[in-house]
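I have placed the structure first, in the form of structure tokens, so that the comments after it can refer back to it.
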Amino acid sequence: MNHIDWELVNWSRAQFALTAMYHWIFVPLTLGITFMIAIMETIYLKTQDEKWKSITKFWMKVFGINFAIGVATGIIMEFEFGTNWSNYSWFVGDIFGAPLAIEGIMAFFMESTFIAVMFFGWDRVSPKFHLLSSWLVAIGSNLSALWILVANGWMQNPTGTSFNPDTMRHEMIDFWAVLFNPVAVNKFLHTVISSYIVSALFVVGISAWYLLRRRDIVLAKRSMLVASVFGLLATIGTFWSGDESARQVAETQPMKLAAMEGLYEGDRSAPLIAMGIFGDHDESVHQREQFLMEFKIPKALSYLAFLDGDYFVPGISDLVHGNKKEGIPSYEEKIASGKIAIDALGNYVKAKKSGDLTTADNELKTFREHEKDFGYGYYFGKDPHMLIPNVKMSFYAFHIMVILGTYFLLLFIILFVKILRGKLDKSRGLLRLTLWSIPLGYIASQSGWIVAEVGRQPWTIQNLLPNIASVSQIDAYSVQVTFFLFLIIFTTLLIAEIKIMLSAIKKGTEH
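What follows is the structure, encoded as structure tokens:
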């Protein structure tokens with residue numbers, strides 16, 4: 015801890031965040047639009063209406079542009095685990111590598127194989143096999159997300175594994191416990207279903223543009239119908255999975271929940287802050303953010319988190335300084351316990367090498383007793399407030415996500431009603447609003463990732479490995495250089511995609 019290169023840690027975090035957030039610009043559209051394409055092709059096969067075929071091919075072309083550029087950022091992100099986070103990769107590579115390997119072998123290869131059939135097999139395979147290929151591409155892209163999110167879910171709530179003190183690595187002991195980790199399952203559902211909202215907003219937004227221009231009317235109206243229903247169901251599913259996600263966070267990552275709600279003092283009837291604006295720091299209390307304005311719903315947080323309006327929800331102060339009445343240990347106690355675990359592990363290794371098996375067994379027993387706090391030991395002698403995530407960023411990102419999610423629900427309901435009543439063409443204000451809602455979907459999606467990743471800082475693996483112990487021992491300057499190189503490359507790719515996609519959209523199906 016005395017020799018930590020904080021510049022290296024911060025630049026490594028920034029580079030990975032840059033890569034992940036750029037990659038996530040492309041992924042949500044892929045996850046949802048593939049299912050809508052499969053639905054449209056299914057309708058074509060049932061009706062034999064050639065217009066549905068041309069609509070399917072149009073959205074397929076848009077998907078292809080997005081998919082090709084999204085793959086590039088994803089590959090770079092996986093390489094960064096080895097280049098920038100080698101200590102992390104060594105420590106948990108046996109666990110983290112397994113779902114990523116399955117993702118590459120099973121899901122990505124399946125998706126890539128059938129994409130060729132989907133794009134080039136219209137006149138080369140039977141209509142039913144082509145439709146099957148379209149569905150398999152959609153399933154494959156979502157299976158890719160499953161395995162990646164299983165890996166991420168394990169980082170948020172490590173389970174099904176055991177630390178081997180002889181190899182200094184975490185090893186998987188129960189694959190099914192990792193796969194069906196409640197946090198991983200919920201993370202997959204919430205992330206994927208919310209991504210469907212982004213893709214639905216994209217389709218209804220482009221369709222609205224066509225209706226405003228009074229061209230490609232059939233494409234616009236039919237696409238709008240499919241996407242509005244798809245988006246409405248996805249929004250309902252997102253609220254359901256988000257509700258469950260809050261309870262998972264309350265149970266496994268109480269500091270993240272406290273940061274999301276800006277809750278400093280725990281309460282047995284904790285209110286939910288529906289809206290709030292932070293003011294200046296309270297200088298009398300270390301690192302405490304003060305609300306300039308807030309709108310609270312009494313008891314709502316206790317109920318949403320624990321289904322009990324009178325349940326105690328710990329705040330940031332309770333977690334840092336402890337709360338004996340509620341049985342919550344302080345971070346200082348956890349840090350001391352973690353230091354015991356680290357020291358015992360070191361003593362075990364020395365005793366094992368010297369052949370003193372009795373001492374080795376005793377030290378290993380001590381390590382196991384304090385193993386749950388192992389990661390905290392890296393902060394021994396340091397300010398425990400270093401373990402608090404960025405409260406403002408977590409709070410604002412969470413509330414932006416929720417507010418926009420509510421807006422999307424209302425938008426899809428209104429669009430669906432207008433379509434059923436045949437009044438969508440005349441609602442030009444609504445069409446303009448729908449078009450300009452496309453970027454809001456991406457903002458909400460990125461906000462969700464900020465909540466998930468910033469909220470669990472400083473942990474790479476919750477309670478087990480902080481980011482200060484995860485980074486590769488490389489020159490910080492090299493990370494800075496590659497950060498700006500990636501920024502230039504990713505921005506260029508994004509601009510190229512937007513230009514190519516706009517060109518394809520302008521051509522439509524009639525030109």
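Going by this note's numbering, the sequence shown opens with residue 15, and the numbers climb by one from there. C-beta: ideal position from N, C-alpha, C; glycine also. Only a predicted model underlies this, so the values are computations on that prediction, with no experimental measurement involved.
Query, Result
"On the DSSP bridge assignment, give the partners of residue 475 in chain order.", "479"
"Please give the ranges of any beta strand (DSSP E) in the stretch 135-216, keeping only runs that are unbroken, at least 3 residues long and fully inside the region.", "175-178, 183-186"
"For residue 327, which three-state DSSP category applies?", "strand"
"My guess is that residue 255 and residue 204 are in contact by the Cβ rule of under 8 Å, so how many angstroms apart are they, rounded?", "4 Å"
"In the stretch 371-436, which residue ranges form an unbroken alpha helix (DSSP H) of at least 4 residues, counting only runs that do not cross its ends?", "371-384, 405-435"
"Hey, how far is the Cα of residue 394 from the Cα of residue 217?", "52 Å"
"Does the stretch 268-280 come close enough to the stretch 393-409 to have 3 or more Cβ pairs within less than 8 Å?", "yes"
"Answer with buried or exposed for residue 17, where buried requires no fewer than 16 other C-beta atoms within 10 angstroms of its C-beta.", "exposed"
"Shortest alpha-carbon distance to residue 209 belongs to which of 348, 181, 160?", "160"
"Determine the DSSP secondary structure at residue 347, reduced to helix, strand or coil.", "helix"
"Check the C-beta distance from residue 147 over to residue 131 and give it rounded, since I have them as a contact under 8 Å.", "4 Å"
"Residue 35 lies in the alpha helix (DSSP H); which residues open and close that run?", "20-61"
"Identify every residue that forms a DSSP beta bridge with residue 342.", "337"
"In whole angstroms, give me the CA-to-CA distance for residue 214 and residue 513.", "20 Å"
"First and last residue of the alpha helix (DSSP H) that includes residue 369?", "Careful: residue 369 lies outside any alpha helix (DSSP H) and carries neither H nor E."
"How long is the line joining the alpha carbons of residue 26 and residue 500, rounded to whole angstroms?", "13 Å"
"For residue 111, which residues of its own chain have a beta-carbon under 6 Å away from its beta-carbon, when the five flanking residues on both sides are left out?", "none"
"Assuming residue 448 and residue 219 make a contact with CB atoms under 8 Å, what is their CB distance in whole Å?", "6 Å"
"So, with DSSP's three-state summary, where would you put residue 245?", "helix"
"Tell me whether residue 413 is buried or exposed, calling it buried when 16 or more other Cβ atoms sit within 10 Å of its Cβ.", "buried"
"According to DSSP, simplified to helix, strand and coil, what is residue 308?", "strand"
"Going by other Cβ atoms of all chains shown within 10 Å of its Cβ, with 16 needed for buried, is residue 99 buried or exposed?", "buried"
"If distances are taken between C-alpha atoms only, which option among 291, 366, 352 comes closest to residue 181?", "366"
"Are the beta-carbon atoms belonging to residue 334 and residue 398 less than 7 Å from one another?", "yes"
"Report yes or no: do three or more beta-carbon pairs, one from the stretch 33-52 and one from the stretch 68-81, lie closer than 8 Å?", "yes"
"Helix, strand or coil, according to DSSP, for residue 279 in the structure here?", "coil"
"Given this structure, state the Cα-to-Cα distance separating residue 456 from residue 88, to the nearest angstrom.", "17 Å"
"Given a cut-off of 7 Å, decide if residue 212 and residue 53 are closer than it, judged by their beta-carbon atoms.", "no"
"Residue range of the alpha helix (DSSP H) that residue 450 falls in?", "Element bounds for residue 450: n/a, residue is neither H nor E."
"Could you give the residue range of the alpha helix (DSSP H) that holds residue 108?", "100-116"
"Just curious, the alpha helix (DSSP H) that residue 503 is in, first and last residue?", "490-521"
"What are the boundary residues of the alpha helix (DSSP H) that residue 91 is part of?", "64-97"
"In the DSSP assignment, the alpha helix (DSSP H) including residue 316 goes from what residue to what residue?", "314-320"
"In three-state terms, what does DSSP make of residue 458?", "helix"
"Check each candidate in 230, 72, 35, 167 and name the one with the smallest Cα separation from residue 259.", "167"
"Just to confirm my understanding: we take residue 152, look at its own chain, exclude 5 residues before and 5 after, and list those with CB closer than 8 Å. What are they?", "48, 49, 51, 52"
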